[in-house]
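What follows is a set of notes on a single structure, which appears directly below.
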Amino acid sequence: MTAAIYRQENYQFAKALYVVGQEQTLHFKQVFYTLKKMGFSFAEEMEHIPFGFILKNGKKMSTRKGGLVLLEKVLQEAIQLAEQNIEEKNPQLKDKQQVAEMVGVGAVIFHDLRNERMTNVEFSLQDMLRFEGATGPYVQYTYARACSILHKAGGDHGAVEGLDDPFSWQVVKQLLEFPDIIEKSFHHNEPSAIAKYLIELAQDFNKYYSQVKILQVDAELGSRLALVSSTAIVLKEGLRLLGIGAPEQM
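Take the sequence shown: its letter number 237 is residue 280 in the numbering used here, and every next letter is one higher.
Printed below as a string of structure tokens:
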């Protein structure tokens with residue numbers, strides 16, 4: 044309670060969110076209720092944002108029992124595994140260390156945030172760094188693919204118009220949903236809404252990429268490139284909102 048009063052006096056917050064595990068729900072109900080009884084109106088703008096457990100081998104990690112994994116060690120291992128993947132798949136890549144950090148750290152963040160906030164998450168470094176499925180590297184790789192297409196095309200492109208194939212319009216419909224997804228995520232304190240959206244957008248774009256000759260020179264080339272550019276912008280912004288970098292090459 045003293046900490047809450049201190050924060051209000053020093054920061055005059057409009058809203059205070061306590062992002063703490065679900066096992067502390069009763070504690071925060073008691074704290075907020077007591078502050079209200081004491082006459083502090085700002086307590087109405089305080090909210091506990093609970094989340095589920097991080098599990099290892101199906102069991103909750105515990106600092107008291109020593110059953111935990113240090114975040115620093117996890118990030119180091121994730122970056123090392125990302126480096127190994129880069130060496131195997133694209134050893135000529137420039138700025139390999141920087142890209143490995145973006146991929147490794149991003150994989151850990153995405154693995155956590157892709158799940159609904161109250162869901163328990165099984166810790167698996169190998170699953171985090173897969174380039175297929177609902178992972179951060181998959182979304183990052185899709186962004187890099189879009190950047191590669193735009194780099195090959197060069198020059199300016201037009202607006203998204205005149206496209207009538209089902210694959211392009213599925214991407215267009217996904218892009219139109221982005222503002223609503225951000226609003227939903229904000230109002231429900233649920234970053235997984237953005238993460239799940241990015242997976243769906245990446246999947247639809249990759250279907251489009253595999254079915255349509257994007258760089259074919261014809262009247263619709265500019266529109267196709269505009270669609271690729273729009274997708275790249277949304278993927279990059281969505282990753283940024285989750286605190287994840289978007290490498291242009293992988």
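A virtual CB, placed ideally from N, CA and C, is assigned to each residue, including glycine.
Which whole-angstrom value is the C-beta distance of Gly286 and Ile152, which I expect to be below 8 Å?
Yes, Gly286 and Ile152 are in contact; Cβ-Cβ is about 6 Å, under 8 Å.
Could you tell me the alpha carbon to alpha carbon distance between Leu118 and Ile129, rounded to whole angstroms?
The alpha-carbon atoms of Leu118 and Ile129 are separated by roughly 16 Å.
If I follow the unbroken beta strand (DSSP E) through His91, where does it start and stop?
Here the beta strand (DSSP E) through His91 covers Met89 to Ile92.
Does the beta-carbon of His91 have 16 or more other beta-carbons within 10 angstroms, so that it is buried, or is it exposed?
Residue environment: His91 is assigned as buried (16 or more neighbouring CB atoms within 10 Å of its CB, all protein chains considered).
Find out if the Cβ-Cβ distance for the pair Leu278, Tyr186 is shorter than 8 Å.
Yes.
Compare the C-alpha of Asn232 against each of Leu284, Lys195, Gly201 and His154 and name the closest.
The residue among Leu284, Lys195, Gly201 and His154 with its C-alpha nearest the C-alpha of Asn232 is Leu284.
What does Leu60 pair with, by DSSP beta-bridge criteria?
According to DSSP, Leu60 bridges with Glu90.
Inter-residue spacing [alpha-carbon to alpha-carbon] between Phe165 and Asp207:
Checking the sequence, you will find Glu at residue 165 rather than Phe. A straight line joining the alpha-carbon of Glu165 with that of Asp207 spans about 42 Å.
Are Val146 and Met44 touching if we call contact CB-CB under 8 Å?
When the beta-carbon positions are compared, Val146 and Met44 stay at least 8 Å from each other.
When we look at the beta-carbon of Phe56 and count the other beta-carbons within 10 Å, is it buried (16 or more) or exposed?
If you draw a 10 Å sphere on the C-beta of Phe56, you find fewer than 16 other C-beta atoms in it, and that means exposed.
In terms of residue numbering, what span does the alpha helix (DSSP H) encompassing Gly179 cover?
It spans Gly179 to Ala196 - the alpha helix (DSSP H) in which Gly179 sits, taken as one unbroken run.
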